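Letter by letter, the sequence shown follows residues 141 to 606 in the working numbering. We treat Cβ as the ideally placed atom computed from N, Cα and C, and that holds for glycine. Keep in mind the model is a prediction, meaning the values are calculated, not measured.
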Amino acid sequence: MQIHLSLDGAGGLGQRLYEGLRRALLDGQVSVGERLPPSRVLAAELGVSRRLVVEAYERLVAEGFLGATPGRGTFVERVPPPLPREADRAGPGPGAHWRPPLAWGGRLAPGRHNFPGGVTDRALLPWAAWRRAMMAALREASRDIGFYGDPRGEASLRLAIARYLGYSRGLACDSDAVLITQGAQQGLDLLARVRVAPGDTVAVEEPGYPPARAVFEARGARVVPVPVDEQGLCVDALPPEASVVYVTPSHQFPLGMPLSLERRLALLAFARRHDALVVEDDYDGEFRFEGRPLDALKSLDREGRVAYLGSFSKVLHADLRLGYLVMPPGLAPALPGARAFSDGYPPLVTQRALARLMIDGDFARHLRRMQRLYTIRRRRLGEALAARPDLWTPLPQVAGIHVALRLAAPVPDLPARLAAAEIRANPLAPFHMGEAAHDGLLLGFGVIDGDAIDRGVAALAEAVAG
Ligand SMILES: Cc1ncc(COP(=O)(O)O)c(C=O)c1O
């Protein structure tokens, strides 16, 4: 029989020979009952002394792997069963069974017609102001004699955000209650860690935001989908045992309607009755298009039952990985600790640069400019879509940078048709936990402009009509 032996490794030649043989047995190169080469033959093959081979065989006999019968040779007596292929891939150890509940796609490649949901255009960022702010933050950091940062984030940025929330979202909050996160996603994760235990019930909107569901599922929560109608979340349908309710009140994700005032009050009353936490995800409430919008739900919260999540992903860019959490007083002691044990604290220089951008007014200028631009794009997209009432109905949208459409008739293989036409748009079906009654589409207008909108809608019409 042939065995492949590696004599690599540390230690003397005898030790390496013994380890090589043992590895060959454990790797399953030989099976029970097979005879090993006579010591003289193996020694000649490997160019080592016969004594070393005899000693290695004797050790393996003593360990029970091999058996020796005088006059007949040395046999394989016992080897562990081979590892299943699945275990091979997952690797051993605790946690190897864990799989993220979502498949992440990595960087999204642009297509010919780009309506990706919630993505903004890097080219439109205030680069000159950002460069100035970064240079100033670097100069400041070079003179800083501090050691580690505050797990809640830099005081200057927390203060700038607290002020911004006051005038932009009607939310009076103290900067001590603000915790800077790496995007809304980290805020969700921290809230789930401190507030959700395995088996707890968490209510989410149906359809809703899959990464939020995934965070709660990963904590072992029972995630219950609750329908939305034209007023937003159907509060009457909340399961009474829900200890956490996740909502997107400004711009329901993905359908787009705001949560009505009546429902907001009903939701706060539910939270009081059931001692539940409401997680308000205000991911793109800054951009508003019709009349005066409702302020943040959190601005109505007199009892500290709402945790408010904000993000710079839509107002600037997701690549910044910056967001914030306004902590309800009950969770304010636990959250910074959870953050400290996760990634310590947010990066110093980016935070200071963003604080400067906000304090110097460049951020507000950028928001005003984007508001004007998005108003024009939204109108153009609305007009292009309105030309094909036979194919779809756009849902009312008063805030945010995407619109949702209901398709007039089911479209078989919708994702494949979009891919074939190189259209980047999200079908609505994957945002449902259950079966979607009607399919539809989410069209973002963060990276598409002018004539490209008309061309994209024409391509979409062709793909949908088949
Ligand atoms: C509902 C919702 N929440 C939050 C976010 C932003 O997440 P992050 O701040 O982690 O980029 C998005 C982005 O698409 C979103 O759609």
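Checklist entry - Excluding the five sequence neighbours on either side, which residues of its own chain have a C-beta within less than 7 angstroms of the C-beta of alanine 263, listed in chain order? => result Along the sequence shown, read from residue 1 onward, the residue named residue 263 stands at position 123. Nothing meets the Cβ criterion.
Next on the checklist: In the DSSP assignment, the beta strand (DSSP E) including proline 534 goes from what residue to what residue?
Outcome noted: On the sequence shown, residue 534 is found 394 positions in, with the first residue counted as 1. Run containing proline 534: 532–534, per the beta strand (DSSP E) assignment.
Checklist entry - Would a C-beta distance cut-off of 8 angstroms place glutamate 346 and proline 365 closer than the cut-off? => result Translated into positions along the sequence shown, residue 346 becomes position 206. Translated into positions along the sequence shown, residue 365 becomes position 225. Going by C-beta atoms, glutamate 346 is nearer than 8 angstroms to proline 365.
Checklist entry - Which two residues bound the contiguous alpha helix (DSSP H) that contains tyrosine 514? => result Within the sequence shown, the letter at position 374 stands for residue 514. Note, tyrosine 514: alpha helix (DSSP H), 502–526.
Checklist entry - For alanine 227, which of helix, strand or coil comes out of DSSP? => result Looking up residue 227 in the sequence shown gives position 87. Caution is warranted here: a pLDDT of 49 is assigned to alanine 227, below 50, making its placement in the model unreliable, and the coordinate value is therefore given only provisionally. Helix, per DSSP.
Checklist entry - By the 10 Å Cβ neighbour count, where 16 or more other Cβ atoms means buried, how is methionine 467 classified, buried or exposed? => result Numbered from 1 along the sequence shown, position 327 holds the residue referred to as residue 467. It is buried - the Cβ of methionine 467 has at least 16 other Cβ atoms within 10 Å.
Checklist entry - Which parts of the segment 369–414 are runs of the alpha helix (DSSP H), unbroken and 4 residues or longer, counting only runs that do not cross its ends? => result 401–414
Checklist entry - Can you check whether the CB of serine 390 is closer than 8 angstroms to the CB of glycine 360? => result Numbered from 1 along the sequence shown, position 220 holds the residue referred to as residue 360. Numbered from 1 along the sequence shown, position 250 holds the residue referred to as residue 390. No, Cβ-Cβ distance for glycine 360 and serine 390 is not below 8 angstroms.
Checklist entry - Mind checking whether the beta-carbon of aspartate 314 lies closer than 7 angstroms to any heavy atom of ligand 1? => result Taking the sequence shown and counting its residues from 1, one reaches residue 314 at position 174. Aspartate 314: no, Cβ never under 7 angstroms from ligand 1.
Next on the checklist: Once DSSP output is grouped into helix, strand and coil, what is the label at histidine 253?
Outcome noted: The residue you call residue 253 lines up with position 113 of the sequence shown. Residue state, collapsed to three classes: strand.
Item to check | From Asp594, Leu558 and Leu582, residue whose alpha carbon lies closest to that of threonine 533 | outcome: Translated into the one-based positions of the sequence shown, residue 533 becomes position 393. That would be Leu582, whose Cα lies nearest to the Cα of threonine 533.
Checklist entry - Taking three-plus beta-carbon pairs below 8 angstroms as touching, is the segment 451–467 in contact with the segment 301–313? => result yes
Item to check | Three-way DSSP call (helix, strand, coil) for tyrosine 197 in this model | outcome: Residue numbering aside, residue 197 sits at position 57 when the sequence shown is read from its first letter. If DSSP states are grouped into helix, strand and coil, tyrosine 197 belongs with the helices.
Item to check | Sequence-distant residues of the same chain with beta carbon closer than 8 angstroms to threonine 209, five excluded per side | outcome: Working through the sequence shown from its first residue, we reach residue 209 at position 69. If we look at threonine 209 and ignore the five residues flanking it on each side, its Cβ neighbours are Phe215.
Checklist entry - Is the closest heavy atom of ligand 1 to the C-beta of aspartate 421 under 7 angstroms? => result The residue labelled residue 421 in the question sits at position 281 within the sequence shown. Yes, the Cβ of aspartate 421 comes within 7 angstroms of a heavy atom of ligand 1.
Checklist entry - Going along the chain, which residues of its own chain have a beta-carbon closer than 6 angstroms to the beta-carbon of glycine 396, five neighbours each way excluded? => result In the sequence shown, counting from the first residue as 1, residue 396 sits at position 256. Excluding sequence neighbours, glycine 396 sits near Leu535, Gln537 and Ala544.
Checklist entry - According to DSSP, is proline 567 helix, strand or coil? => result Start at 1 with the first residue of the sequence shown, and residue 567 comes out as number 427. Strand at proline 567.
Item to check | Euclidean distance between Cα positions of arginine 496 and aspartate 502 | outcome: As a working note, residue 496 is residue 356 in the sequence shown. As a working note, residue 502 is residue 362 in the sequence shown. Spanning the two alpha carbons is a distance of roughly 9 angstroms.
Checklist entry - Measuring CA to CA, which of Glu159, Gln371, Ile143 and Val363 is closest to alanine 150? => result Position 10 of the sequence shown holds residue 150. Nearest C-alpha to alanine 150: Glu159.
Next on the checklist: What does the Cβ neighbour count give for glutamine 491, buried or exposed, with the cut at 16 atoms within 10 Å?
Outcome noted: For the purposes of this step, residue 491 is taken as residue 351 along the sequence shown, with counting starting at 1. By the 10 Å Cβ count, glutamine 491 comes out buried.
Item to check | For alanine 164 and alanine 227, the rounded distance between their alpha carbons | outcome: The residue given as residue 227 occupies position 87 in the sequence shown. The residue given as residue 164 occupies position 24 in the sequence shown. Its pLDDT being 49, under 50, alanine 227 is placed unreliably by the model, and the measurement read from it follows with that caveat. Their backbone Cα atoms lie some 19 angstroms apart in a straight line.
Checklist entry - Can alanine 416 and serine 439 be called in contact, C-beta distance under 8 angstroms? => result The residue you call residue 416 lines up with position 276 of the sequence shown. The residue you call residue 439 lines up with position 299 of the sequence shown. Not a contact, by the Cβ cut-off of 8 angstroms.
Next on the checklist: Measuring only from the beta carbon, is serine 390 closer than 7 angstroms to any heavy atom that is part of ligand 1?
Outcome noted: Against the sequence shown, residue 390 aligns to sequence position 250. Incorrect: serine 390 has no Cβ contact closer than 7 angstroms to ligand 1.
Item to check | Pick from Leu568, Ile541, Ala524 and Leu488 that is closest to aspartate 591, judged by C-alpha positions | outcome: Within the sequence shown, the letter at position 451 stands for residue 591. Nearest option by C-alpha distance: Ala524.
Checklist entry - Can you tell me where the alpha helix (DSSP H) with isoleucine 99 in it begins and where it stops? => result It is not possible to answer for residue 99, since the shown part of the chain is limited to 141 through 606.
Checklist entry - Helix or strand or just coil, what does DSSP make of glycine 306? => result Within the sequence shown, residue 306 is the residue found at index 166, counting from 1. Helix at glycine 306.
Next on the checklist: Tell me the DSSP secondary structure of glutamate 420 in three-state form.
Outcome noted: Translated into positions along the sequence shown, residue 420 becomes position 280. In this structure, glutamate 420 counts as strand in the three-state DSSP scheme.
Next on the checklist: Can you list, in chain order, the residues of its chain with a C-beta nearer than 6 angstroms to that of arginine 353? Leave out the 5 residues immediately preceding and following it.
Outcome noted: What you label residue 353 is simply residue 213 of the sequence shown in a count that begins at 1. Cβ within range, chain order: Val344 and Val363.
Item to check | Range covered by the beta strand (DSSP E) that runs through isoleucine 499 | outcome: Residue 499 sits at position 359 when you count from the first residue of the sequence shown. Not the beta strand (DSSP E): isoleucine 499 falls in the alpha helix (DSSP H), residues 488–499.
Item to check | Closest residue to phenylalanine 393 among Met274, Ala249, Leu206 and Ile541 (Cα-Cα distance) | outcome: For the purposes of this step, residue 393 is identified with residue 253 of the sequence shown, where counting begins at 1. Of the listed residues, the one whose Cα sits closest to phenylalanine 393 is Ile541.
Checklist entry - Would you say leucine 488 and alanine 324 are within 8 angstroms of each other, going by their C-beta atoms? => result For the purposes of this step, residue 488 is identified with residue 348 of the sequence shown, where counting begins at 1. For the purposes of this step, residue 324 is identified with residue 184 of the sequence shown, where counting begins at 1. In this structure, alanine 324 does not lie closer than 8 angstroms to leucine 488 by Cβ.
Item to check | phenylalanine 215 - containing beta strand (DSSP E), residue span | outcome: Walking along the sequence shown from the start, residue 215 turns up at place 75. Counting along the chain, the beta strand (DSSP E) containing phenylalanine 215 begins and ends at 213–216.
Next on the checklist: Taking 8 angstroms as the threshold (C-beta atoms), are arginine 428 and alanine 539 in contact?
Outcome noted: As a working note, residue 539 is residue 399 in the sequence shown. As a working note, residue 428 is residue 288 in the sequence shown. The answer is yes: Cβ separation under 8 angstroms.
Item to check | Candidates His572, Arg564 and Val597, of which the one nearest glycine 258 by Cα | outcome: Taking the sequence shown and counting its residues from 1, the one referred to as residue 258 is at position 118. The candidate whose alpha carbon is nearest that of glycine 258 is Arg564.
Item to check | Nearest residue (CA-CA) to leucine 192, options Leu145, Leu521, Arg271 and Leu153 | outcome: Along the sequence shown, one-based indexing puts residue 192 at 52. If we check each option's Cα against that of leucine 192, Leu153 comes out closest.
Item to check | Distance cut-off 7 angstroms: glutamine 491 Cβ against heavy atoms of ligand 3 | outcome: For the structure depicted, ligand 3 is absent and the ligand set comprises only ligand 1.
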